[in-house]
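Trainee: Quick note on numbering: numbering that gives the first Met the number 0 labels position 33 of the sequence shown as 32, and the sequence is numbered without any gaps.
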Amino acid sequence: MKKTEGYVIRKLEEEYVLLPTGKRAEEVNEVISLSETAGFIYLHAEEAASIPELAELVGREYGIEAAEVLPDVKAVVETLEKKGVLS
0 MKKTEGYVIR
10 KLEEEYVLLP
20 TGKRAEEVNE
30 VISLSETAGF
40 IYLHAEEAAS
50 IPELAELVGR
60 EYGIEAAEVL
70 PDVKAVVETL
80 EKKGVLS
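(1) Roughly how many angstroms lie between the CA atoms of M0 and A44, to the nearest whole one?
(2) Apart from the five residues just before and just after E67, which ones in its own chain have a Cβ nearer than 8 Å to its Cβ?
(3) Report yes if the CB atom of A48 is closer than 8 Å to the CB atom of V75, and no otherwise.
(4) Kindly indicate which three-state DSSP category I50 falls into: helix, strand or coil?
(5) Quick one: what does DSSP say V16 is sitting in, helix, strand or coil?
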């Protein structure tokens, strides 16, 4: 998975926000709020070639079986793709 250029991520307490920057800020007028887990998924998306690999990373980070988190990881990735921040 690849992150779309033109976004910065900031941690605010236990949440993350994705902010468009530069030219992207002219095109996108939205700040995207992410939970701690969704922020982890975004931050590590480029380390995984697939959603199951990303679920493995999430599972290891949070001490949960990858199969258990796979549906949630898939949902987050799909949402981030629809928002245009992952491809």
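Beta carbons: idealized from backbone N, C-alpha and C, even for Gly.
Mentor: This is what the structure gives:
(1) What you label residue 0 is simply residue 1 of the sequence shown in a count that begins at 1. What you label residue 44 is simply residue 45 of the sequence shown in a count that begins at 1. So the two alpha carbons sit approximately 6 Å from each other.
(2) Residue mapping note: residue 67 aligns to position 68 of the sequence shown, counting from 1. Correct list, in chain order: G58.
(3) Residue 48 sits at position 49 when you count from the first residue of the sequence shown. Residue 75 sits at position 76 when you count from the first residue of the sequence shown. Inclusion of A48 and V75 in the CB contact set at 8 Å is not warranted, their separation being larger than that value.
(4) Within the sequence shown, the letter at position 51 stands for residue 50. Three-state DSSP puts I50 in a helix.
(5) Position 17 of the sequence shown, counting from 1, holds the residue named residue 16. Annotated three-state conformation of V16 is strand, per DSSP.
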